[in-house]
Every structure is written in C-alpha cells, then in structure tokens.
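In our numbering, the protein residues as written are 37 to 189.
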Amino acid sequence: MARTYRVNAATRLVNRAFTVMTRLGLGNSYRHILTVPGRRTGTPHSTPVDVMARDGERWLVAAYGVTNWVRNARAAGRVTLSRGGRSETAYVTELDPSASVPVLRQYLREVPVTRPYFAVTADSSDEDIIADSHRHPVFRLTTTDIADIAAED
C-alpha cells in the first residue's frame with residue numbers, strides 16, 4: 037500500500053533544508069527548486085522537485101501525487117526551475133499514462149526516498165505502472181511552448 041503524502045512540521049523542515057541545499061547547488065544533481073504561480077492568486081510558490089533526464093529530454097515526476105504544484109503547473113503551463121544560482125523557465129506537457137512508464141520506472145530506480153509513495157516498483161509490469169500513473173503525473177519539460185509550435189503548423 038502506498039503512503040499518502042502529508043505536509044506537516046517535519047515535511048516543512050525537510051523541504052526547507054532541501055531548498056537551501058539546492059539553491060547552493062548541493063545534493064543530488066537532479067534536485068531543483070520549482071517555482072510556479074498559484075492558479076488562483078498568481079503568487080509564486082516554490083518547492084523542491086526531482087527532474088529526470090532521459091534520451092536527451094527532461095521530465096518532472098509528481099512523486100507525492102497530485103499536489104498543489106501539479107495543479108498550478110497544469111494551470112500555468114510553465115514553471116521555473118532553479119539550482120545553484122541558475123534559473124530557467126520550462127514549459128510543461130503532461131504525458132499520457134502509457135508514455136509515462138519508462139520515466140516512472142527510471143524515477144523509481146534513481147530516487148529511493150519517494151518509493152513508499154508508489155503502489156508499484158521499478159520491476160512492476162507496464163500495466164501495473166500505468167494503473168498507478170494517475171497518482172503520479174509526469175510532465176515533459178521543454179524550452180519552447182508546445183502550443184506555439186502547434187499554432188505554427
């Protein structure tokens with residue numbers, strides 16, 4: 037059974053520590069600070085996230101489920117990623133469940149701290165990962181807005 041992510045005092049403390057480390061460029065290279073405008077107020081909100089690199093592309097995995105940053109990213113269509121004093125804007129495109137399987141499998145192998153929040157493992161069947169993927173959206177990160185590319189066609 038997968039654990040449910042809950043924000044409490046301990047979570048806030050860990051997130052603050054990871055935020056400071058990531059802003060200094062310390063810790064795992066896949067860790068970034070994601071900043072996204074709130075979907076109601078537009079106020080920027082930041083949280084540490086893990087960015088996977090695969091086949092020349094980058095992916096953002098919602099390991100803790102459909103949290104506020106996921107809802108805000110869906111609404112905004114773009115996020116800012118920061119690490120070690122560098123920031124970039126990236127556009128997000130959510131993958132369908134079958135396309136997310138290889139990224140989720142890689143994520144489960146490379147980021148052990150979040151495994152308890154998944155109902156599957158890296159060795160689970162594709163069908164089982166697809167069935168659990170609604171709880172862990174995956175976003176493709178690009179430097180060009182996909183909507184702009186489609187409008188040009």
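Note that beta-carbon positions come from the ideal geometry of N, C-alpha and C, so glycine has one too.
Proximity to residue i [Cα-Cα], best of the options
| i | options | result |
| --- | --- | --- |
| leucine 144 | Ala99, Ser82, Thr179, Gly61 | Ala99 |
| arginine 141 | Arg59, Asp162, Gly121 | Asp162 |
| leucine 177 | Asp132, Arg114, Arg151, Pro152 | Arg114 |
| alanine 135 | Thr58, His170, Gly63, Met57 | His170 |
| valine 85 | Asp91, Thr116, Glu93, Thr79 | Thr116 |
| threonine 179 | Asp132, Gly63, Gly92 | Gly92 |
7 Å Cβ shell around residue i - same chain, five flanking residues per side excluded
| i | result |
| --- | --- |
| threonine 83 | Asn51, Leu70, Trp105 |
| glycine 74 | His81, Asn108 |
| phenylalanine 154 | Ala38, Leu144, Asp168, His172 |
| methionine 57 | Gly63 |
Inter-residue CB distance, residue i and residue j (contact presumed, cutoff 8 Å)
| i | j | result |
| --- | --- | --- |
| arginine 110 | histidine 68 | Contact flag wrong, Cβ pair sits at about 18 Å. |
Neighbourhood of residue i by C-beta distance below 6 Å, restricted to the same chain and skipping five residues each side
| i | result |
| --- | --- |
| valine 175 | The sequence shown places phenylalanine at residue 175, not valine. For phenylalanine 175, where only same-chain residues beyond five positions count, the Cβ hits under 6 Å are Leu96, Val128, Glu130. |
| arginine 94 | Val87, Leu177 |
| glycine 121 | none |
Where the beta strand (DSSP E) through residue i begins and ends
| i | result |
| --- | --- |
| leucine 70 | 67–73 |
| leucine 96 | 93–97 |
| proline 84 | 80–90 |
Residue i versus residue j - alpha carbon distance
| i | j | result |
| --- | --- | --- |
| serine 123 | alanine 89 | 17 Å |
| threonine 125 | valine 149 | 26 Å |
| alanine 112 | threonine 55 | 22 Å |
| alanine 53 | tyrosine 66 | 16 Å |
| valine 147 | alanine 45 | 23 Å |
| proline 152 | glycine 101 | 12 Å |
| proline 138 | threonine 77 | 35 Å |
| aspartate 159 | arginine 59 | 33 Å |
| valine 156 | threonine 79 | 35 Å |
| proline 133 | threonine 103 | 18 Å |
| threonine 47 | aspartate 164 | 29 Å |
| valine 72 | isoleucine 166 | 27 Å |
| glycine 61 | leucine 49 | 18 Å |
Segment limits, alpha helix (DSSP H) that includes residue i
| i | result |
| --- | --- |
| leucine 49 | 45–59 |
| aspartate 266 | Because the chain in this structure spans residues 37 to 189, residue 266 falls outside the shown range and cannot be described. |
| arginine 119 | Here arginine 119 belongs to no alpha helix (DSSP H); instead the beta strand (DSSP E) covers 114–119. |
| tyrosine 143 | 133–146 |
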